[in-house]
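Some notes on the structure that comes next.
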Amino acid sequence: DTGVSQDPRHKITKRGQNVTFRCDPISEHNRLYWYRQTLGQGPEFLTYFQNEAQLEKSRLLSDRFSAERPKGSFSTLEIQRTEQGDSAMYLCASSSRHPDEQYFGPGTRLTVT
Amino acid sequence: AQKVTQAQTEISVVEKEDVTLDCVYETRDTTYYLFWYKQPPSGELVFLIRRNSFDEQNEISGRYSWNFQKSTSSFNFTITASQVVDSAVYFCALREMDSSYKLIFGSGTRLLVRP
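Chains as they are written, first to last, in the working numbering: chain A, 59 to 171; chain B, -5 to 109.
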């Protein structure tokens, strides 16, 4: 039984570069979530997919952020023109419809220099 | 507005002591879920428990117990006979059923259990 996986685990990039993260949910889960966590804070919701449909987006998700889940399986989160304020841990979670507890992956730590 | 407050930033106890982590929430919804997650030093959030707003029964799971009180909007977590492996950051979270699928997290309580 594999959990949620994320790739890469760490990413260092220069300001202005684009980055893309991947999340593979638990196989039978049709719901997928992205969160961002900065040091000393709890995770903050970014966006939610049910199958391939993006049903909810936070105001935190600026125009530079885009997320996709093309076939309702894995998801990607892209950040364009990264800024230092984007440095954070990006967490992915998945859940089934019932029960709908969210199970989290190990996260991708982004450092923008 | 929805909000979760964990007023205790950091707690330090000696092994075998009991410790209670506080969580206070705010919501206008009548139907909601409350959660606790553990984040050990490795970083991965581990699901511990979910409680729905209609069920105020306290729950016990091994050394862990949870006290849900709607009258005070609190959902406190107690670890009995703490162990060094309990050292982690613990997050309380709220999900409002009527409006969203997102979890709203508190800022977490860092628990350090010393041998």
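We treat Cβ as the ideally placed atom computed from N, Cα and C, and that holds for glycine.
C-beta contact flag for A/S124 and A/E136 at 8 angstroms: Along the first sequence, read from residue 1 onward, the residue named residue 124 of chain A stands at position 66. Along the first sequence, read from residue 1 onward, the residue named residue 136 of chain A stands at position 78. Taking 8 angstroms as the Cβ cut-off, A/S124 and A/E136 qualify as a contacting pair.
8 angstroms contact criterion, which A/C150 and A/L90 should meet: CB distance rounded: For the purposes of this step, residue 150 of chain A is taken as the residue at position 92 of the first sequence. For the purposes of this step, residue 90 of chain A is taken as the residue at position 32 of the first sequence. A/C150 to A/L90, Cβ: 7 angstroms. Contact.
Given B/R44 as reference, the closest of B/N61, B/V79, B/E38 once Cα atoms are compared: Position 50 of the second sequence, counting from 1, holds the residue named residue 44 of chain B. If we check each option's Cα against that of B/R44, B/N61 comes out closest.
Contact set between A/Q112 and chain B, taken where Cβ atoms lie within less than 7 angstroms: Stepping through the first sequence from its first residue, residue 112 of chain A is reached at position 54. Neighbours of A/Q112 on chain B: none; closest Cβ ~12 angstroms, over 7 angstroms.
Where A/S152 falls: helix, strand or coil (DSSP): As a working mapping, residue 152 of chain A is identified with position 94 in the first sequence. Strand, per DSSP.
Close beta carbons around B/K64, own chain, < 8 angstroms, minus the five adjacent residues each side: As a position in the second sequence, residue 64 of chain B is number 70, starting the count at 1. Closer than 8 angstroms at Cβ, skipping near neighbours: S47, E50.
Closer than 9 angstroms at the beta carbon, the chain B residues around A/Y106: Within the first sequence, residue 106 of chain A is the residue found at index 48, counting from 1. At a C-beta separation below 9 angstroms, A/Y106 has these neighbours in chain B: S94, Y95, K96.
Rounded straight-line distance, which links the Cα of B/L106 to that of B/S76: Stepping through the second sequence from its first residue, residue 76 of chain B is reached at position 82. Stepping through the second sequence from its first residue, residue 106 of chain B is reached at position 112. The alpha-carbon atoms of B/S76 and B/L106 are separated by roughly 10 angstroms.
Chain B residues whose Cβ lies nearer than 8 angstroms to that of A/G130: Within the first sequence, the letter at position 72 stands for residue 130 of chain A. Those do not exist, as A/G130 stays about 16 angstroms from chain B at its closest Cβ, beyond 8 angstroms.
Proximal residues of chain B, C-beta to C-beta of A/L135 below 8 angstroms: Here residue 135 of chain A corresponds to residue number 77 of the first sequence, with the count starting at 1. What A/L135 touches in chain B, judged by beta-carbon distance under 8 angstroms, is nothing: the nearest beta carbon there is about 15 angstroms away.
CB contact below 8 angstroms: A/Y161 versus chain B: In the first sequence, residue 161 of chain A corresponds to position 103, counting from 1. Closer than 8 angstroms: yes.
Three-way DSSP call (helix, strand, coil) for A/V62 in this model: Position 4 of the first sequence, counted from the first residue, corresponds to residue 62 of chain A. Residue state, collapsed to three classes: coil.
Presumed contact (8 angstroms Cβ cut-off) between A/L119 and A/L104, rounded CB distance: Taking the first sequence and counting its residues from 1, the one referred to as residue 119 of chain A is at position 61. Taking the first sequence and counting its residues from 1, the one referred to as residue 104 of chain A is at position 46. Confirmed, about 5 angstroms.
Three-state secondary structure assigned by DSSP to A/D82: By one-based count along the first sequence, residue 82 of chain A stands at place 24. Strand at A/D82.
Close Cβ partners of B/E4 (< 6 angstroms) along its chain, the five nearest in sequence each way excluded: Taking the second sequence and counting its residues from 1, the one referred to as residue 4 of chain B is at position 10. Taken in chain order, the residues that qualify are R104.
Candidates B/A(-5), B/S55, B/T66, B/S94, of which the one nearest B/W30 by Cα: As a first step, residue 30 of chain B is located in the second sequence; it is residue number 36 there, counting from the start. Of the candidates B/A(-5), B/S55, B/T66, B/S94, the one whose C-alpha sits nearest the C-alpha of B/W30 is B/S55.
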